[in-house]
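Residue numbers (this note's numbering), protein chains in the order written: chain Z, 1 to 161; chain H, 162 to 553.
From the three backbone atoms N, C-alpha and C, an ideal C-beta is built for every residue, glycine too.
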Ligand SMILES: Cc1ncc(COP(=O)(O)O)c(C=O)c1O
């Protein structure tokens with residue numbers, strides 16, 4: 001069976017159970033379960049998350065995207081530097097990028113000050129860091145394929161032929 | 162002097178037509194809050210953005226005038242390419258008329274062929290417009306019952322039994338709304354064999370032609386030997402591309418027929434909406450992938466909902482096309498009308514009674530799965546409660 005199809009379904013909705021997926025694909029539940037378990041064991045499924053629009057809650061939260069230029073480490077390229085960054089809990093994502101900078105980090109904090117201090121005190125002083133540029137996220141319109149500001153609603157009639 | 166009554170002046174063919182009871186059910190549902198509906202024959206997807214954007218772009222460029230009566234030449238040419246690519250049908254722009262939905266194409270076909278006293282064979286259960294439009298055009302609709310034991314398909318024997326020297330037109334409503342049944346190439350060939358040598362025309366409503374879930378793709382009867390010259394294919398954008406509100410469809414027919422349909426369309430409509438035509442051009446030329454994506458979703462839901470109904474103890478056959486299933490509710494002892502009315506009143510769940518699609522739909526309900534799995538689960542849970550409440 002096609003693992004990809006199961007993964008795509010879970011990617012859209014991680015709350016789907018193996019039983020649901022089995023029905024949707026016309027397969028047995030055991031078969032689907034075995035594939036999901038194998039994907040977990042092989043580090044293909046690495047977690048599952050719910051999408052939350054924190055703006056609609058009382059929680060204080062700011063997100064920033066940080067562009068970093070760094071000097072790659074001899075023999076280990078960028079991996080070792082990336083690791084230094086992603087060990088921090090405040091760092092939510094770390095990507096190695098093509099183009100005018102090397103690493104992109106997504107950072108979360110309670111407020112602008114907290115994030116700015118983190119960049120100034122923890123990231124910028126690191127030996128390999130050549131320069132940083134911090135961009136605060138003002139509003140999330142869409143993330144991971146999900147609309148944030150406009151809940152999808154069914155405008156259709158209730159009954160029609 | 163008697164007060165003037167405009168109603169008395171209306172065409173009595175029209176006034177005697179349904180809808181009757183079903184309209185009331187629709188109105189009750191429309192007036193209720195918080196209804197969980199599986200009751201609508203329209204995609205839940207919205208039109209893919211690149212298609213909407215093509216419509217917007219045409220407006221920005223000021224394309225706000227009439228098009229040619231038959232529709233934009235590029236759109237007719239693109240429709241011909243699409244029909245060849247997707248269904249192996251050989252037509253040119255001269256065979257194609259762009260209409261206001263498949264609905265208009267059905268109406269035009271009835272009006273173009275029917276002479277007073279003609280008969281139109283309408284297999285049922287099927288979409289509700291064929292009989293009324295045939296009657297308004299002056300024909301007598303002859304209803305043929307499709308049977309569950311035949312998989313709700315038209316059999317050559319049933320067709321033969323309905324044919325008379327007055328038969329003008331056979332409506333072929335497959336893939337079928339409300340049953341989801343389809344006709345395979347071999348099954349269509351058996352129908353074609355009955356028609357060859359007669360003067361009967363075929364109105365093949367293939368509006369759901371993109372939505373089949375079998376290994377083999379949808380087959381049009383027009384692709385069978387001797388059938389192209391007697392077939393009008395009705396197609397459209399509503400279901401394939403989730404474009405119901407754009408009101409666009411087409412008729413595909415022999416050149417002489419297309420000229421007649423175009424003449425009628427020119428008098429009644431002028432031309433189909435211009436913005437929609439530009440959007441449709443984008444849909445046909447760059448939308449194959451959208452169809453596949455939506456079809457994949459429908460297929461998940463199809464399997465899910467059919468198992469759901471069977472688990473509830475309501476026998477439901479796995480349908481091969483469209484986005485409906487047609488479970489058998491006769492085991493509840495209720496007729497379809499009562500089942501749907503009580504389900505709406507007691508659990509706020511909207512389904513359409515099977516008999517709304519013809520007498521032979523009695524004992525069934527039409528369930529649309531153009532809804533998310535989450536929504537379907539919610540509806541199934543409510544139906545479960547309703548069924549439990551029926552047990553004394
Ligand atoms: C079988 C069938 N034919 C035709 C139509 C009309 O579609 P439209 O006029 O939107 O193209 C419908 C709509 O529900 C349908 O179910």
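| Check | Outcome |
| --- | --- |
| Under 9 Å by beta carbon: chain H residues contacting residue 30/Z | The premise fails here: residue 30/Z is roughly 16 Å from chain H at the closest Cβ pair, so nothing lies under 9 Å. |
| Nearest-angstrom beta carbon gap, residue 68/Z and residue 20/Z [assumed within contact, 8 Å] | 41 Å between Cβ atoms; not a contact. |
| Under 9 Å by beta carbon: chain Z residues contacting residue 202/H | 160, 161 |
| CB contact below 8 Å: residue 550/H versus chain Z | no |
| Straight-line Cα distance separating residue 395/H from residue 367/H | 6 Å |
| Chain-ordered neighbours of residue 461/H on chain Z, where CB pairs are closer than 8 Å | 9, 24, 25 |
| Contacts of residue 483/H in chain Z (Cβ-Cβ under 9 Å) | Under the 9 Å cutoff, chain Z gives no residues; its nearest Cβ is about 12 Å from residue 483/H. |
| 8 Å Cβ shell around residue 489/H - same chain, five flanking residues per side excluded | 309, 475, 476, 477, 524, 525 |
| Interface positions of the segment 436-466 of chain H facing chain Z (Cβ-Cβ less than 7 Å), listed along the chain | 461, 464, 465 |
| Sub-8 Å separation of residue 433/H and residue 223/H beta-carbons | no |
| Residues within the segment 394-405 of chain H neighbouring chain Z, beta-carbon criterion of under 7 Å | none |
| Chain-ordered neighbours of residue 191/H on chain Z, where CB pairs are closer than 9 Å | 157, 158, 159 |
| Distance between residue 139/Z and residue 86/Z (C-alpha atoms, nearest Å) | 24 Å |
| Contact set between residue 58/Z and chain H, taken where Cβ atoms lie within less than 7 Å | Those do not exist, as residue 58/Z stays about 27 Å from chain H at its closest Cβ, beyond 7 Å. |
| Pair within 8 Å by beta-carbon distance, residue 352/H and residue 482/H | no |
| Beta carbon proximity, residue 3/Z to chain H, threshold 8 Å | no |
| Ligand 1 heavy atom lying under 7 Å from the CB of residue 328/H | no |
| Nearest-angstrom beta carbon gap, residue 289/H and residue 303/H [assumed within contact, 8 Å] | Not confirmed; about 16 Å, so no contact. |
| Close-in-space but distant-in-sequence residues of the same chain around residue 243/H (CB under 6 Å, 5 per side omitted) | 445 |
| Contact test: residue 410/H Cβ vs ligand 1 heavy atom, cutoff 7 Å | yes |
| In chain order, each alpha helix (DSSP H) run of at least 4 residues that lies wholly inside the segment 300-334 of chain H | 317-323 |
| Three-pair Cβ contact test at 8 Å for the segment 501-510 of chain H versus the segment 534-549 of chain H | yes |
| Interface partners of residue 511/H on chain Z, CB under 9 Å | 158, 159 |
| Residues near residue 14/Z in its chain [Cβ-Cβ closer than 6 Å; skip 5 each side] | 48 |
| Any non-hydrogen atom of ligand 1 closer than 7 Å to residue 366/H Cβ | yes |
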